[in-house]
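Asker:
Number of protein chains: 2
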Amino acid sequence: MSPARPAPTGLDVVFAALADPTRRAVVERLRLGPATMTELATPLAASLPALTKHLAVLQQAGLVATAKKGRQRYCMLTAAPLRDAAAWLAEYGAYWDERLDALTAYLKENP
Amino acid sequence: MSPARPAPTGLDVVFAALADPTRRAVVERLRLGPATMTELATPLAASLPALTKHLAVLQQAGLVATAKKGRQRYCMLTAAPLRDAAAWLAEYGAYWDERLDALTAYLKENP
DNA sequence: TTGTCACTTCACCACTTGGTGAAGTATTGT
DNA sequence: ACAATACTTCACCAAGTGGTGAAGTGACAA
Numbered sequence: 004m005s006p007a008r009p010a011p012t013g014l015d016v017v018f019a020a021l022a023d024p025t026r027r028a029v030v031e032r033l034r035l036g037p038a039t040m041t042e043l044a045t046p047l048a049a050s051l052p053a054l055t056k057h058l059a060v061l062q063q064a065g066l067v068a069t070a071k072k073g074r075q076r077y078c079m080l081t082a083a084p085l086r087d088a089a090a091w092l093a094e095y096g097a098y099w100d101e102r103l104d105a106l107t108a109y110l111k112e113n114p
Numbered sequence: 004m005s006p007a008r009p010a011p012t013g014l015d016v017v018f019a020a021l022a023d024p025t026r027r028a029v030v031e032r033l034r035l036g037p038a039t040m041t042e043l044a045t046p047l048a049a050s051l052p053a054l055t056k057h058l059a060v061l062q063q064a065g066l067v068a069t070a071k072k073g074r075q076r077y078c079m080l081t082a083a084p085l086r087d088a089a090a091w092l093a094e095y096g097a098y099w100d101e102r103l104d105a106l107t108a109y110l111k112e113n114p
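Those protein sequences? They're chains P and D, same order as listed. The working numbering puts the first residue of the first sequence at 4, with every later residue one more than the last. The working numbering puts the first residue of the second sequence at 4, with every later residue one more than the last.
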């Protein structure tokens with residue numbers, strides 16, 4: 004039998020989606036407002052088939068929503084899952100701050 | 004010639020490292036303090052060869068540092084790259100907050 | 001109606017990932 | 001000296017990823 008990995012959680016797909024530079028570029032572009040597929044593809048020098056796949060990944064992760072208008076497809080940010088990811092990371096920001104504080108305190112006493 | 008993808012950046016490898024639940028579990032465990040490989044592997048029900056690979060990914064991403072002591076290998080968090088990732092996400096947190104504010108303001112005026 | 005435009009889908013490819021079992025390497029305890 | 005411990009490395013595998021070119025689909029324009 005195959006090793007039966009656990010089903011991917013929300014954080015899994017969100018982080019995986021953000022691991023690709025093209026997809027992060029799409030998200031960054033989408034922060035300026037909605038865009039069609041070609042509007043996204045052109046400045047990234049990405050082919051339309053490639054972008055279609057990336058969009059599917061982002062949509063699967065819940066990071067973008069799309070709406071067909073005529074023969075164009077408008078994509079827009081739905082940043083909610085980013086907040087989950089940010090929340091996960093925020094805990095480690097706090098951890099790191101503690102460590103930094105401990106280090107500076109140590110250096111203060113041991114110059 | 005192969006399509007020549009761009010070399011992975013810091014954010015690439017950090018997000019990719021965090022996309023795996025086993026690796027996130029390692030990071031979470033490491034928040035409680037340093038641990039050896041077997042101490043990490045046992046509660047995760049992961050084999051040592053598998054964990055060695057995961058550790059390499061985390062180390063590559065700069066998330067974990069290790070030190071050999073005798074025949075044991077102590078692993079500890081070096082959360083600095085998490086801050087970069089958190090900073091990237093924080094901008095979208097702000098974006099999302101703006102949108103939420105805009106939505107609540109809209110609902111206030113159009114009840 | 002006949003193109004053209006904006007995608008989407010398909011079949012395929014090279015490469016990577018996450019896992020395995022088995023063998024190898026130091027280090028440590030008896 | 002010998003065996004156990006704590007990994008590491010190796011060869012391999014199945015599945016997934018990111019890309020391609022070519023063909024297909026539906027909306028709009030001439």
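Using N, Cα and C, we set each Cβ at its ideal position, and we do this for glycine too.
Closer than 8 Å between beta carbons: that is the criterion. Which residues of the stretch 27-38 of chain P meet it against chain D?
Answerer: If the cut-off is 8 Å between Cβ atoms, the stretch 27-38 of chain P has R27, V30, R34 near chain D.
Asker: Excluding the 5 residues preceding and the 5 following L33(P) in the sequence, name in chain order all residues of the same chain whose CB lies nearer than 7 Å to its CB.
Answerer: For L33(P), where only same-chain residues beyond five positions count, the Cβ hits under 7 Å are V67, C78, M79, L80.
Asker: Just checking, does the stretch 86-96 of chain P make contact with the stretch 41-54 of chain P on the three C-beta pairs under 8 Å criterion?
Answerer: As far as the Cβ criterion goes, the stretch 86-96 of chain P does not touch the stretch 41-54 of chain P, which means the pair count is below three.
Asker: Using a Cβ-Cβ distance under 8 Å, would L92(D) count as near chain P?
Answerer: Closer than 8 Å to some Cβ of chain P, the Cβ of L92(D) qualifies, so yes.
Asker: Cα separation between L58(D) and L43(D)?
Answerer: In a straight line, the C-alpha of L58(D) is about 10 Å away from that of L43(D).
Asker: Starting from L80(D), follow its DSSP beta bridges and name the residues at the other end.
Answerer: Per DSSP, V67(D).
Asker: P37(D) lies in the alpha helix (DSSP H); which residues open and close that run?
Answerer: P37(D) -> no alpha helix (DSSP H), and no H or E assigned at all.
Asker: List the residues of chain P whose Cβ lies closer than 9 Å to the Cβ of L14(D), in chain order.
Answerer: Simply L21, A22, P24, R27.
Asker: Return the residues of the stretch 61-85 of chain P that lie within a Cβ-Cβ distance of less than 8 Å from chain D, sorted by chain order.
Answerer: So the list reads L80, A82, A83, L85, given in the order they occur along the chain.
Asker: Please classify L54(D): is it buried, with 16 or more other beta-carbons within 10 angstroms of its beta-carbon, or exposed?
Answerer: So L54(D) ends up on the buried side.
Asker: Compute the beta-carbon to beta-carbon distance between R26(D) and V60(D), rounded to the nearest angstrom, for a pair I have assumed lies under 8 Å.
Answerer: Sure, about 6 Å apart at Cβ, within 8 Å.
Asker: Which residues in chain D sit within 7 Å of A48(P), going by Cβ to Cβ distance?
Answerer: What A48(P) touches in chain D: nothing, since even the nearest Cβ is about 11 Å away.
Asker: What residues match up with K72(D) in a beta bridge as DSSP calls it?
Answerer: According to DSSP, which records beta bridges pairwise, K72(D) is partnered with Q75(D).
Asker: Tell me whether L21(D) is buried or exposed, calling it buried when 16 or more other Cβ atoms sit within 10 Å of its Cβ.
Answerer: Flag for L21(D) reads buried.
Asker: What does A89(D) touch in chain P if you count any residue whose Cβ is under 8 Å from its own?
Answerer: Residues of chain P passing the Cβ test: A89, L92, A93, Y95, G96.
Asker: Closest to T41(P) by CA distance: which of E31(P), R76(P), T12(P), A70(P) is it?
Answerer: Ranking the options by Cα distance to T41(P), first place goes to R76(P).
Asker: Tell me, to the nearest whole angstrom, how far the beta carbon of V16(P) is from that of Q62(P); I am working on the premise that it is less than 8 Å.
Answerer: Not quite, the Cβ-Cβ distance comes to about 10 Å (not below 8 Å), so this is no contact.
Asker: Does DSSP classify P114(D) as helix, strand or coil?
Answerer: In this prediction, P114(D) scores a pLDDT of 41, lower than 50, which makes its location untrustworthy; the coordinate-derived value is nonetheless stated afterwards. Reduced to three states, the DSSP call for P114(D) is coil.
Asker: Look at the Cβ atom of G65(D), then the Cβ atom of P37(D), and state whether they are nearer than 8 Å.
Answerer: No. Outside cutoff.
Asker: From P11(D) to P24(D), what does the alpha carbon distance come to, in whole angstroms?
Answerer: C-alpha separation (whole angstroms): 21 Å.
Asker: Can you give me the start and stop residues for the alpha helix (DSSP H) that A22(P) sits inside?
Answerer: No alpha helix (DSSP H) contains A22(P), which DSSP labels as neither H nor E.
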